[in-house]
Amino acid sequence: MPNRTTEQLNFGRLGRSHLQANFQGGDLSSDGGLMLLRQIDARTGLSRLAAKALTDRRAGGRIRHRLRDLIAQRLYGLCCGYEDLNDHDTLRSDLLMQTAVGRDQALASSPTLSRLETGASRADAWALHQVLVEHFIASFASPPQELILNVDASDIPLHGEQELKQFHAYYDHHCYLPLYVFCGQSMLACLLRPSRIDGARHAAAVLRLLVTRLRQTWPDVKIIIRGDSGFCRQRLLRWCERANVRYIIGLARNTRLQARVKLAEQVLERDYRRTGSKQRLVSQFSYAAASWNRPRRVLTRLEYGAQGANPRFVVTNIASSEADAVQLYDQLYCARGEAENRIKEAQLDLFGTRASCHRFAANQFRLLLAALAYTLMQRLRELALRGTELERASAATIRVRLLKIGAAIVRNTRRVRILLASHHPLRHVFAHAAHAMAP
Numbered sequence: 001m002p003n004r005t006t007e008q009l010n011f012g013r014l015g016r017s018h019l020q021a022n023f024q025g026g027d028l029s030s031d032g033g034l035m036l037l038r039q040i041d042a043r044t045g046l047s048r049l050a051a052k053a054l055t056d057r058r059a060g061g062r063i064r065h066r067l068r069d070l071i072a073q074r075l076y077g078l079c080c081g082y083e084d085l086n087d088h089d090t091l092r093s094d095l096l097m098q099t100a101v102g103r104d105q106a107l108a109s110s111p112t113l114s115r116l117e118t119g120a121s122r123a124d125a126w127a128l129h130q131v132l133v134e135h136f137i138a139s140f141a142s143p144p145q146e147l148i149l150n151v152d153a154s155d156i157p158l159h160g161e162q163e164l165k166q167f168h169a170y171y172d173h174h175c176y177l178p179l180y181v182f183c184g185q186s187m188l189a190c191l192l193r194p195s196r197i198d199g200a201r202h203a204a205a206v207l208r209l210l211v212t213r214l215r216q217t218w219p220d221v222k223i224i225i226r227g228d229s230g231f232c233r234q235r236l237l238r239w240c241e242r243a244n245v246r247y248i249i250g251l252a253r254n255t256r257l258q259a260r261v262k263l264a265e266q267v268l269e270r271d272y273r274r275t276g277s278k279q280r281l282v283s284q285f286s287y288a289a290a291s292w293n294r295p296r297r298v299l300t301r302l303e304y305g306a307q308g309a310n311p312r313f314v315v316t317n318i319a320s321s322e323a324d325a326v327q328l329y330d331q332l333y334c335a336r337g338e339a340e341n342r343i344k345e346a347q348l349d350l351f352g353t354r355a356s357c358h359r360f361a362a363n364q365f366r367l368l369l370a371a372l373a374y375t376l377m378q379r380l381r382e383l384a385l386r387g388t389e390l391e392r393a394s395a396a397t398i399r400v401r402l403l404k405i406g407a408a409i410v411r412n413t414r415r416v417r418i419l420l421a422s423h424h425p426l427r428h429v430f431a432h433a434a435h436a437m438a439p
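In the UniProt record's numbering, the protein residues as written are 1 to 439.
Written as structure tokens, this is what we have:
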């Protein structure tokens, strides 16, 4: 069988000329943006911190690749769109990838990277979570006055025989149910869980650990926890109240809540039928579920339109003297949806759903690698792309428009020259990012 990676490829004719191609161009790379990843990694120390936190279980006399290099190689590959370890059998010989990692010889092969992932333990997961939190704390030049922690859950579909694989009726497939915690665009936790559990399980414990660590550094910081109705649990609410943590969490509707707003909905319905335009009302009242130890402040957002009534309820311990109901619902609670966008970015753009290992601990490690890659891209956006047209772009857009640049590499004993494509349309953004991270 011919070698189809090097044989001549014919693309017809252009006038009198034959169009031909092959893969013999030499030391070229399609990932010129790797240098930006190298710079942001050097500035934040992310791969170095991750490697320092992990336990290297390899035999000392047989180590050819430093643990930090393995982590960096894997993170840079994810950021550039290479989700499969098989890709690294070729990427290991890419001179630009070697330069970005900090080597002048072949990088780790896919079996070496695979052993790194499949050998991971629960202790490694704990250590990498600490890296995420410590990296977040170090990103502040001065103590913040307020932090809003967004807690949410999502699904990771499973198609093999992974450990703890379970069917989830809501998602209608076998999956894991990871728990995420974000503060703004920064990911603080991504705990992998089996799916046949309450969606709020472990949330109180994870948030307690995070709040404790954050207050060790910033004792006076105001912390607000925000989540949907799946996290409205008595244990979490009571802990927040004991720990002086504010919360604003969705509350599932029930017959008692519906009865409280019945008259208001009737008024909205009457006004809608009279005017023909959707009616909206944000109000509040005191309410106590049967399992609650005391009444709490509940916000209600009522709407009536062509599809009928659409009530929403939110419970909070933020006093009415601090903010009125409209401000809390519209400006604080509704902003919770941004965390869902960040989860999609981490799962889809940085391949946080690639749970194809058999062992549960290995899949948790893979999820954390995606979280570290997300953090690397988020810091690139925050530190290097501020003020540019990509400062609000997703990781996938940054990859396609900034990292995927054709480059030729000329390397000798004294210098490595990277010749980027002359007609790249965002060369000014690339130059801005490079100057912003110059050592």
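C-beta atoms are modelled at their ideal positions from N, C-alpha and C, and glycine is treated no differently.
Could you give the distance in angstroms between the alpha-carbon of Arg213 and the alpha-carbon of Asp31?
For the purposes of this step, residue 213 is taken as the residue at position 213 of the sequence shown. For the purposes of this step, residue 31 is taken as the residue at position 31 of the sequence shown. One Cα belongs to Arg213, the other to Asp31, and the distance between them is close to 38 Å.
Could you name each continuous alpha helix (DSSP H) segment of 4 residues or more that falls completely within the stretch 28–56, going from the start of the chain to the end?
34–44 and 46–53
So the candidates are Ser394, Gln234 and Val101; which of them puts its Cα closest to the Cα of Ser291?
Taking the sequence shown and counting its residues from 1, one reaches residue 291 at position 291. The residue with the shortest Cα to Cα distance from Ser291 is Gln234.
Counting pairs of Cβ atoms below 8 Å between the stretch 217–226 and the stretch 237–248, do you hit three or more?
yes
6 Å Cβ shell around Val326 - same chain, five flanking residues per side excluded
Here residue 326 is taken as the residue at index 326 of the sequence shown, counted from 1. Val282, listed in sequence order.
Relative to the C-alpha of Ser114, which residue among Leu147, Ser142, Ile71 and Cys80 is closest?
Reading the sequence shown from its first residue, position 114 is the one you call residue 114. Ranked by how close their Cα comes to the Cα of Ser114, the residues Leu147, Ser142, Ile71 and Cys80 have Ile71 in first place.
Could you work out which residue in Thr353, Ala393, Arg201 and Ser93 is closest to His174 when comparing CA atoms only?
By 1-based counting over the sequence shown, the position of residue 174 is 174. The residue with the shortest Cα to Cα distance from His174 is Thr353.
Using three-state DSSP, classify His358 as helix, strand or coil.
For the purposes of this step, residue 358 is taken as the residue at position 358 of the sequence shown. Three-state result, His358: coil.
Could you pull the DSSP bridge partners for Gly387 from this structure?
By one-based count along the sequence shown, residue 387 stands at place 387. None, per the DSSP bridge assignment.
Sub-7 Å separation of Thr229 and Ala252 beta-carbons:
Translated into the one-based positions of the sequence shown, residue 229 becomes position 229. Translated into the one-based positions of the sequence shown, residue 252 becomes position 252. Per the sequence shown, the amino acid found at residue 229 is Ser instead of Thr. Going by C-beta atoms, Ser229 is nearer than 7 Å to Ala252.
Buried or exposed (CB count within 10 angstroms, at least 16 for buried), Phe167
As a working mapping, residue 167 is identified with position 167 in the sequence shown. The residue in question, Phe167, is exposed, as its Cβ has fewer than 16 Cβ neighbours within 10 Å.
Pull up the CB-CB distance for Tyr304 and Lys262, whole angstroms please, since I reckon it's below 8 Å.
Indexing the sequence shown from 1 puts residue 304 at position 304. Indexing the sequence shown from 1 puts residue 262 at position 262. With a Cβ gap of about 12 Å, Tyr304 and Lys262 do not count as contacting.
Between the alpha carbons of Thr388 and Leu426, how many angstroms are there, rounded?
Counted from its first residue, the sequence shown places residue 388 at position 388. Counted from its first residue, the sequence shown places residue 426 at position 426. Roughly 10 Å separates the two Cα atoms.
Going straight from the alpha carbon of Phe351 to that of Thr217, what length do you get?
Looking up residue 351 in the sequence shown gives position 351. Looking up residue 217 in the sequence shown gives position 217. Going from the Cα of Phe351 to the Cα of Thr217 covers about 32 Å.
Can you tell me which of Gln185, Leu268 and Gly61 puts its alpha carbon nearest to the alpha carbon of Phe136?
Taking the first residue of the sequence shown as 1, we reach residue 136 at position 136. Nearest of Gln185, Leu268 and Gly61 to Phe136, Cα basis: Gln185.
Residue range of the alpha helix (DSSP H) that includes His424
Your numbering for residue 424 matches position 424 in the sequence shown. His424 -> no alpha helix (DSSP H), and no H or E assigned at all.
Expressed to the nearest angstrom, what Euclidean distance is found between the alpha-carbon atoms of Phe152 and Ser47?
Position 152 of the sequence shown, counted from the start, is the residue given in the question as residue 152. Position 47 of the sequence shown, counted from the start, is the residue given in the question as residue 47. Looking at the sequence shown, residue 152 is not Phe but Asp. If you take the alpha carbons of Asp152 and Ser47, they lie about 26 Å apart.
By the 10 Å Cβ neighbour count, where 16 or more other Cβ atoms means buried, how is Pro311 classified, buried or exposed?
As a first step, residue 311 is located in the sequence shown; it is residue number 311 there, counting from the start. With 16 or more other Cβ atoms within 10 Å, it is buried.
Taking C-beta to C-beta, are Arg301 and Val315 nearer than 7 Å?
Here residue 301 refers to the residue found at position 301 when the sequence shown is read from its first residue. Here residue 315 refers to the residue found at position 315 when the sequence shown is read from its first residue. Inclusion of Arg301 and Val315 in the CB contact set at 7 Å is not warranted, their separation being larger than that value.
So, is Asn150 buried or exposed, given that buried needs 16 or more other C-beta atoms within 10 angstroms?
Mapped onto the sequence shown, residue 150 falls at position 150. The Cβ neighbour count for Asn150, taken over all protein chains shown within 10 Å, is at least 16; the residue is labelled buried.
Taking 6 Å as the cut-off, is the C-beta of Ser110 nearer than that to any heavy atom in the ligand FMN?
Among the components of this structure there are no ligands whatsoever, and the ligand FMN is therefore not found.
Do the CB positions of Leu36 and Tyr76 come within less than 7 Å of each other?
Against the sequence shown, residue 36 aligns to sequence position 36. Against the sequence shown, residue 76 aligns to sequence position 76. No, the pair does not count as a contact, with Cβ atoms beyond the cut-off.
Collapsed DSSP secondary structure at His65 in the structure displayed
The count along the sequence shown starts at 1 and reaches residue 65 at position 65. The answer is coil: DSSP assigns His65 none of H, G, I, E or B.
Name the one or two DSSP bridge partners that residue 462 has.
As shown, the chain starts at 1 and ends at 439. That puts residue 462 outside it, with no answer to give.
Alpha carbon to alpha carbon, what distance is there between Gln145 and Leu268?
To locate residue 268, count along the sequence shown from 1; it is residue 268. To locate residue 145, count along the sequence shown from 1; it is residue 145. Near 39 Å, if we compare the C-alpha coordinates of Gln145 and Leu268.
Just to confirm the assignment, what range does the alpha helix (DSSP H) spanning Ala395 have?
What you label residue 395 is simply residue 395 of the sequence shown in a count that begins at 1. Here the alpha helix (DSSP H) through Ala395 covers Ala395 to Ile398.
The alpha helix (DSSP H) spanning Tyr272 covers which residue range?
Residue mapping note: residue 272 aligns to position 272 of the sequence shown, counting from 1. Unbroken alpha helix (DSSP H) run through Tyr272: Lys262 to Thr275.
Under 8 Å, with one C-beta from each stretch per pair, do the stretch 51–62 and the stretch 367–379 reach the 3-pair mark?
no
Between which two residues does the beta strand (DSSP E) containing Ser283 stretch?
The sequence position of residue 283 within the sequence shown is 283, counting from 1. Its beta strand (DSSP E) spans residues Gln279 to Tyr287.
Cβ-Cβ separation, Leu179 to Asp155 (assumed contact under 8 Å), whole Å
Walking along the sequence shown from the start, residue 155 turns up at place 155. Walking along the sequence shown from the start, residue 179 turns up at place 179. Rounded, the Cβ-Cβ distance is 12 Å, inconsistent with contact.
Counting only the same chain and skipping the five closest in sequence on each side, list residues whose C-beta sits under 7 Å from that of Asp84.
As a working mapping, residue 84 is identified with position 84 in the sequence shown. So the list is empty, once near-sequence residues are dropped.
Put Arg301 into one of helix, strand or coil per three-state DSSP.
What you label residue 301 is simply residue 301 of the sequence shown in a count that begins at 1. Secondary structure at Arg301: strand, using DSSP grouped into helix, strand and coil.
Tyr76, DSSP secondary structure in three states:
Residue numbering aside, residue 76 sits at position 76 when the sequence shown is read from its first letter. Residue state, collapsed to three classes: helix.
I want to know whether the stretch 359–370 touches the stretch 113–129 - three or more CB-CB distances under 8 Å.
By the Cβ criterion, the stretch 359–370 is in contact with the stretch 113–129, since at least three pairs of Cβ atoms, one from each stretch, lie closer than 8 Å.
Going by DSSP, which residues form a beta bridge with Gln20?
Taking the sequence shown and counting its residues from 1, the one referred to as residue 20 is at position 20. Note: Gln20 sits in a beta bridge opposite Asn10.
Quick one: Cα of Gly250 to Cα of Asp198, how far?
Numbered from its first residue, the sequence shown carries residue 250 at position 250. Numbered from its first residue, the sequence shown carries residue 198 at position 198. Between Gly250 and Asp198, the C-alpha separation is close to 16 Å.
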